[in-house]
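Residue numbers (the working numbering): 8 to 73.
All C-beta atoms, glycine included, are put in the ideal place defined by N, C-alpha and C.
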């Protein structure tokens with residue numbers, strides 16, 4: 008898997024570490040991001056992929072009437 012380096016505000020990272028209970032900054036931020044992505048997948052599974060349909064609608068050309 009490709010790696011990406013991101014610069015974050017130290018206070019934000021410390022808060023993530025405290026809230027997650029993880030002592031390593033990189034692991035704490037990774038855990039939060041993975042949780043956020045997993046939550047999004049669970050929501051899509053429950054709602055039947057509404058977001059996918061909205062993306063399709065947004066990408067379709069608009070027909071002007073009148």
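In the three-state scheme derived from DSSP, where H, G and I count as helix and E and B as strand, residue 8 is classed as coil.
Boundaries for residue 72: no alpha helix (DSSP H) harbours it, and the DSSP string shows neither H nor E there. For residue 47, the three-state secondary structure derived from DSSP is helix. A Cβ-Cβ distance of about 12 angstroms is found for the pair residue 39 and residue 25, leaving them out of contact under the 8 angstroms criterion.
Comparing alpha carbon positions, the residue from 37, 32, 54, 53 closest to residue 18 is 32.
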